[in-house]
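A.B. asks: Protein sequences, first through last, are from chains F and S.
Using the working numbering, the first residue of the first sequence is number 877, and each one after it goes up by one.
Using the working numbering, the first residue of the second sequence is number 339, and each one after it goes up by one.
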Amino acid sequence: MLVFGVLAAIMLVGAIGVVTLRQPVHAALSLVGTLLTLAIAYVQLHAHFLAAIQVIVYAGAIMVLFLFVIMLLNLRGDEPQRRLTWIRPAAWIVGVGAAGGIAWTVVSDPAQAPSAAEIAAVFQGSGVEEVADQLFGRFVLSFQLVGVLLLTGIVAAVGLVQRKATETEARTRPKVAVPMPPSEPVDARAPVSADGGR
Amino acid sequence: MLGPAPTEAWVALSAALFAIGAIGVLTRRSAILVFLSVELMLNAANLALVAFARQWATAGTAVAFSGQTVVFIVLAIAAAEVAVGLGILVSIFRDRLSTDVDTLSEVRL
């Protein structure tokens, strides 16, 4: 119950941060905090497999995609930019500290790895086998449909970008006598690649 | 006060997260922040599913791990949704140099 209280507090603070923070990057990092806390909550609920998937897929891949798009679009708030002068010494301290800790762990006691029986005991009832049974048994149709959905999603995402490329190519044909908007410097290079590239 | 938290507590937390996400969807103006709030709502639903799966596992029923399996499928769907959604977002931004959802009023029924 104490663990639940701490987890709930962190999760709610992170969630309120997502809703209230002005900077998109701050909101996204706040959501990363909430998702990582959610992974710990899954461990508390004896869903170790889902906790690992949550960290790898959600807090890892999906949130990196979000941060990538936020930085690609350069969505800035109106906070004035300032140099973070303390970040360089802090990075050195953290890096050297991590290297020293790893080296100390390796050198100090090579025999501290747990035995296979201990590892098996920890993973007892972690949900991997049960989820696999369900996923390839009762939910096998959903599993297949999700595969189709992911493939469709990838094709759609590529299609969005691809259609954009052909549109700009069509607009920059010399026989079309439409005046170019001067605000798109990408169009200047498009006829070269359209005629010479293919 | 000690001991594992009851299912009610987890579900209440899930409901609070879902409500905060819903408030975010309704109040934020930048499309990417609306999207982040949608992710929050998805995860709130996942938390409720895992909590109920835990309850049924404690009760010893045969359907105990269906909830966890559904969460796994939801995660895969969320990945596809994010890929397509962010693609649409980038495409909108290229078109009008803004992701303000209040100005996106062309697509109507």
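All C-beta atoms, glycine included, are put in the ideal place defined by N, C-alpha and C.
My output table needs one value for residue 985 of chain F: the three-state DSSP class, helix, strand or coil.
C.D. replies: Looking up residue 985 of chain F in the first sequence gives position 109. Coil at residue 985 of chain F, not helix or strand.
A.B. asks: Can you tell me whether residue 370 of chain S is buried or exposed? The criterion is at least 16 other CB atoms within 10 Å of its CB, across all chains shown.
C.D. replies: Within the second sequence, the letter at position 32 stands for residue 370 of chain S. Burial is judged here by how many other beta carbons sit within 10 angstroms of a residue's own beta carbon; residue 370 of chain S has at least 16 and is buried.
A.B. asks: Between residue 928 of chain F and chain S, is the shortest Cβ-Cβ distance under 9 Å, so that the two count as touching?
C.D. replies: By 1-based counting over the first sequence, the position of residue 928 of chain F is 52. False, the Cβ-Cβ gap to chain S never drops below 9 Å.
A.B. asks: Of all Cβ atoms in chain F, is any one closer than 9 Å to the Cβ of residue 428 of chain S?
C.D. replies: By 1-based counting over the second sequence, the position of residue 428 of chain S is 90. Cβ-Cβ to chain F under 9 Å: yes for residue 428 of chain S.
A.B. asks: Thinking C-beta only, is residue 931 of chain F closer than 9 Å to residue 1075 of chain F?
C.D. replies: With chain F running from 877 to 1074 in the structure shown, residue 1075 of chain F is simply not present.
A.B. asks: What is the DSSP secondary structure of residue 906 of chain F, counted as helix, strand or coil?
C.D. replies: Here residue 906 of chain F is taken as the residue at index 30 of the first sequence, counted from 1. Here residue 906 of chain F sits in helix by DSSP.
A.B. asks: Check whether chain S comes within 9 Å of residue 949 of chain F, counting only Cβ atoms and requiring the distance to be less than that.
C.D. replies: Translated into positions along the first sequence, residue 949 of chain F becomes position 73. Answer yes: the Cβ-Cβ gap between residue 949 of chain F and chain S drops below 9 Å somewhere.
A.B. asks: Is there a Cβ of chain F sitting closer than 9 Å to that of residue 398 of chain S, yes or no?
C.D. replies: Taking the second sequence and counting its residues from 1, one reaches residue 398 of chain S at position 60. The beta carbon of residue 398 of chain S sits no closer than 9 Å to any beta carbon of chain F.
A.B. asks: Out of curiosity, what's the CA-to-CA distance linking residue 1018 of chain F and residue 411 of chain S?
C.D. replies: Start at 1 with the first residue of the first sequence, and residue 1018 of chain F comes out as number 142. Start at 1 with the first residue of the second sequence, and residue 411 of chain S comes out as number 73. Straight-line Cα distance between these residues: approximately 8 Å.
A.B. asks: Under three-state DSSP, which class holds residue 368 of chain S?
C.D. replies: To locate residue 368 of chain S, count along the second sequence from 1; it is residue 30. Shown here, residue 368 of chain S sits in a strand according to DSSP, grouped into three states.
A.B. asks: Can you tell which of S:375, S:367 and S:398 has the C-alpha that lies nearest to the C-alpha of residue 905 of chain F?
C.D. replies: Locating residue 905 of chain F in the first sequence gives position 29, counting from the first residue. Among S:375, S:367 and S:398, the Cα nearest to that of residue 905 of chain F belongs to S:375.
A.B. asks: Looking at residue 427 of chain S and residue 910 of chain F, is the spacing between their C-beta atoms short of 9 Å?
C.D. replies: Looking up residue 910 of chain F in the first sequence gives position 34. Looking up residue 427 of chain S in the second sequence gives position 89. Taking 9 Å as the Cβ cut-off, residue 910 of chain F and residue 427 of chain S do not qualify as a contacting pair.
A.B. asks: Are any of the Cβ atoms in chain F nearer than 9 Å to that of residue 442 of chain S?
C.D. replies: The count along the second sequence starts at 1 and reaches residue 442 of chain S at position 104. No, residue 442 of chain S lies away from the interface with chain F (no Cβ there is under 9 Å from its Cβ).
A.B. asks: Name, please, each residue of chain F whose Cβ falls closer than 8 Å to the Cβ of residue 420 of chain S.
C.D. replies: Start at 1 with the first residue of the second sequence, and residue 420 of chain S comes out as number 82. In chain order: 938, 941 and 942.
A.B. asks: Spatial neighbours of residue 1052 of chain F within its chain, please: C-beta separation below 6 Å, excluding the five flanking residues on both sides.
C.D. replies: As a first step, residue 1052 of chain F is located in the first sequence; it is residue number 176 there, counting from the start. Below a pLDDT of 50, predicted positions are generally treated as unreliable, and residue 1052 of chain F, at 47, falls in that range; the measurement from the model is reported next regardless. For residue 1052 of chain F, where only same-chain residues beyond five positions count, there are no Cβ hits under 6 Å.
A.B. asks: Along chain S, which residues have their Cβ under 8 Å away from the Cβ of residue 910 of chain F?
C.D. replies: Counted from its first residue, the first sequence places residue 910 of chain F at position 34. Under the 8 Å cutoff, chain S gives 355, 378 and 381.
A.B. asks: Taking 9 Å as the CB-CB cut-off, is residue 1000 of chain F touching chain S?
C.D. replies: Here residue 1000 of chain F refers to the residue found at position 124 of the first sequence. No, its Cβ sits nowhere closer than 9 Å to a Cβ of chain S.
A.B. asks: Is there a C-beta anywhere in chain A that falls below 9 Å from the one on residue 366 of chain S?
C.D. replies: Annotation note: the requested chain A is absent from the structure, which comprises protein chains F and S.
A.B. asks: So that I know if they touch, is there some Cβ in chain S lying closer than 9 Å to that of residue 1022 of chain F?
C.D. replies: Working through the first sequence from its first residue, we reach residue 1022 of chain F at position 146. Chain S, which has a Cβ nearer than 9 Å to the Cβ of residue 1022 of chain F, makes this yes.
A.B. asks: Measure the alpha-carbon distance for residue 342 of chain S versus residue 974 of chain F and round it to whole angstroms.
C.D. replies: Your numbering for residue 342 of chain S matches position 4 in the second sequence. Your numbering for residue 974 of chain F matches position 98 in the first sequence. Distance between the alpha carbons of residue 342 of chain S and residue 974 of chain F is about 34 Å.
A.B. asks: Taking only the alpha-carbon atoms, compute the straight-line gap between residue 1035 of chain F and residue 979 of chain F and give it to the nearest angstrom.
C.D. replies: Within the first sequence, residue 1035 of chain F is the residue found at index 159, counting from 1. Within the first sequence, residue 979 of chain F is the residue found at index 103, counting from 1. Cα-Cα distance, rounded: 48 Å.
A.B. asks: Sort out for me which residues DSSP pairs residue 438 of chain S with in a bridge.
C.D. replies: In the second sequence, residue 438 of chain S corresponds to position 100, counting from 1. Paired residues: S:368.
A.B. asks: For a contact meaning CB atoms closer than 8 Å, what does residue 386 of chain S contact in chain F?
C.D. replies: In the second sequence, residue 386 of chain S corresponds to position 48, counting from 1. The contacting residues do not exist; residue 386 of chain S stays about 11 Å from chain F at best.
A.B. asks: Pairs of beta-carbons, one from the region 352–368 of chain S and one from the region 959–970 of chain F, closer than 8 Å: are there three or more?
C.D. replies: no
A.B. asks: Do residue 353 of chain S and residue 395 of chain S have their CB atoms nearer than 9 Å?
C.D. replies: Walking along the second sequence from the start, residue 353 of chain S turns up at place 15. Walking along the second sequence from the start, residue 395 of chain S turns up at place 57. No, these two residues do not count as a Cβ contact at 9 Å.
A.B. asks: Quick one: is residue 368 of chain S buried, meaning 16 or more other Cβ sit within 10 Å of its Cβ, or exposed?
C.D. replies: Against the second sequence, residue 368 of chain S aligns to sequence position 30. It is buried - the Cβ of residue 368 of chain S has at least 16 other Cβ atoms within 10 Å.
A.B. asks: Looking at chain S, which residues of the region 1005–1020 of chain F have a Cβ within less than 8 Å of any of its Cβ atoms?
C.D. replies: 1006, 1007, 1009, 1010, 1011, 1014, 1015, 1018 and 1019
A.B. asks: Hey, could you find the ends of the alpha helix (DSSP H) residue 947 of chain F is sitting in?
C.D. replies: As a working note, residue 947 of chain F is residue 71 in the first sequence. 939–949 is the extent of the alpha helix (DSSP H) around residue 947 of chain F.
A.B. asks: Excluding the five sequence neighbours on either side, which residues of its own chain have a C-beta within less than 7 Å of the C-beta of residue 388 of chain S, listed in chain order?
C.D. replies: Start at 1 with the first residue of the second sequence, and residue 388 of chain S comes out as number 50. Here the set comprises 405, 406 and 409.
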